[in-house]
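Everything below concerns the one structure shown next.
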DNA sequence: GCGACAG
DNA sequence: ATCTTGTCGC
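In my numbering, the protein residues as written are 39 to 248.
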């Protein structure tokens, strides 16, 4: 898995998006059982952020959760729900890191290369890199470094609320990450794509018998 | 050897 | 991620 991540990080491309997305997607998983995952993918219009489509599926999970190898555990389920989507989004949001990862290949990078689509990694907590706490207001941010190289941003998406760790998956740059993440937040800490996916993933877990 | 460690 | 009771703040 380490070899795969090192190879994939070489394929990552950090560059500004050369178009404005019409549809953005978000993914999330919940675990009703130790070895079963409910995966959800939502597609929203941009910049309106109206829900266009939602698909879900249950998948048996083999890999355990091991820090830095999240993509190998959740990747298969994500690929399956994404395949069910009819109105494919042109920008993807993931729960987790992009290149702000020990080997420069977090789950957002992994999926971006697999789908050949721009993606942004939005993690609720820190995994790798050095940073300073950003200001307390929405929009305040600080860069995340690996030595002297910038690998992401710690971004405040809501006043006086814990910041998010945002980094490029691939095919987007740091400014795109911060801008699209902020433009996708509707008064909540998490951007709508991941917030809604998370909502449905938990709702399904309750209303089901797996 | 010790501490950190996405979801 | 999941479990789990109360609690702080707008």
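All residues carry an ideal CB built from backbone N, CA and C; glycine is no exception.
The straight-line gap separating the alpha-carbon atoms of residue 239 and residue 51 is approximately 30 Å. In this structure, DSSP gives residue 103 a state outside helix and strand, which the three-state scheme calls coil. Under the three-state reduction of DSSP, residue 190 is assigned to strand. By the Cβ criterion, the stretch 172 to 181 is not in contact with the stretch 135 to 154, since fewer than three pairs of Cβ atoms, one from each stretch, lie closer than 8 Å. For residue 95, the uninterrupted beta strand (DSSP E) segment begins and ends at 89 to 98.
Residue 193 sits away from residue 232, with the two beta carbons spaced by 8 Å or more. With 16 or more neighbouring CB atoms inside 10 Å of its own CB, residue 204 falls in the buried class.
In the structure shown, residue 166 adopts coil according to DSSP, grouped into three states. If you look at residue 171, you'll find it isn't in any beta strand (DSSP E); DSSP assigns it neither H nor E. Contact between residue 136 and residue 206 is confirmed by a C-beta separation of about 5 Å, below the 8 Å threshold.
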